[in-house]
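Written below as structure tokens is the structure these notes are about.
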Amino acid sequence: KVGFSLQKNTRDIFLLLPEDIHYYYTTKPYTKVFFMNCGKVENYMKIDHSQNFGKYVNVGFNFKRINSLGIYPREKVANVDFDLFTHIQSRNNRYHVLANIIWNSYKNQDNGGIRPDDSIPGKFGYPLGDGESVWKGKSGFLGQFYNFGKIKPIAIEDTSFHDTLKTIKPVPKFRFRIGYNFNSSDN
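Position in the sequence shown counted from 1, then plus 54, gives you this note's numbering.
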């Protein structure tokens with residue numbers, strides 16, 4: 055579709071975007087699985103996995119699937135998001151590369167809404183019959199940055215445990231960033 059649009063699409067809140075990706079540094083593989091089942095009507099599943107390969111390379115993926123049958127006929131929705139990501143850093147923690155690629159798929163049946171059906175009192179008609187909306191998209195990000203100057207460590211308190219933990223995070227005085235985004239969609 056060519057042109058400019060100020061409005062949001064109904065699927066936008068479900069799409070995974072490059073800025074939604076979290077990059078990890080783990081000493082052990084990290085996996086988080088979430089599943090929610092709302093009877094026979096709706097399912098939601100999300101899987102996050104990340105692990106380091108050596109000290110300086112992290113690779114992971116995220117998978118999300120939402121299915122809903124809806125309340126009315128021809129209201130079924132299927133949303134699938136998948137991404138791969140990586141974070142690579144130099145030994146001296148100055149040069150970093152962040153990259154991700156995302157696949158989004160959104161499919162829903164269209165029923166055209168409800169309207170009174172004059173031929174049958176108390177019934178509703180679905181004027182679109184077997185209408186369907188399908189959207190698929192790919193997007194990605196490649197970014198790199200270099201930390202200049204003296205790296206000063208700061209202490210960060212982690213109160214998520216009973217005892218307060220202190221970790222040291224290096225903070226540079228000056229940082230230079232270069233990034234590249236790409237997007238592609240099939241409507």
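Ideal Cβ placement from N, Cα and C applies to all residues, glycine included.
In DSSP terms, what residue i is bridged to
i: Val113; result: Gln105 and Thr140
i: Thr85; result: His103
i: Val95; result: DSSP output for Val95 lists no bridge partner at all.
Residue i at chain D interface by Cβ criterion, 8 Å
i: Lys86; result: Structure shown: chain D not included; a single protein chain is present.
Same chain, Cβ closer than 6 Å to residue i, neighbours up to 5 away in sequence not counted
i: Val134; result: Arg119 and Ser159
i: Asn162; result: Val131 and Ser187
i: Phe100; result: Here the sequence assigns Lys to residue 100, which means Phe is not the residue at that position. Phe88 and Lys118, listed in sequence order.
i: Leu69; result: Asn158
i: Ile142; result: Val111 and Val151
i: Asn116; result: Asp102 and Asp137
i: Ser122; result: Glu96 and Val131
i: His76; result: none
i: Met90; result: Tyr98
Cut-off 8 Å between Cβ atoms - residues of its own chain near residue i, not counting five sequence neighbours on either side
i: His216; result: With a pLDDT of only 47 at His216, under 50, the local geometry of the prediction cannot be trusted, and no value is derived from it.
i: Asp164; result: Arg128, Leu182, Gly185, Glu186 and Ser187
i: Asp66; result: none
i: Thr80; result: Ser104, Gln105, Asn106 and Asn112
i: Lys94; result: Leu123
Enclosing beta strand (DSSP E) for residue i [first to last residue]
i: Lys130; result: Segment: none, Lys130 is in no beta strand (DSSP E) and carries neither H nor E.
Whole-angstrom C-beta distance between residue j and residue i, which should lie under 8 Å
i: Gly114; j: Phe139; result: 6 Å
i: Arg145; j: Tyr98; result: The Cβ separation is near 41 Å, so there is no contact.
Close beta carbons around residue i, own chain, < 7 Å, minus the five adjacent residues each side
i: Tyr78; result: Tyr84, Ser104, Asn112 and Gly114
i: Asp74; result: none
i: Lys86; result: Asp102
i: Cys92; result: none
For residue i, three-class secondary structure by DSSP
i: Asp74; result: helix
i: Asp164; result: strand
i: Phe68; result: coil
i: Asp243; result: What the structure shows of the chain is the stretch from 55 to 241, and residue 243 is not part of that stretch, so it cannot be assessed.
i: Asn158; result: strand
i: Asn121; result: strand
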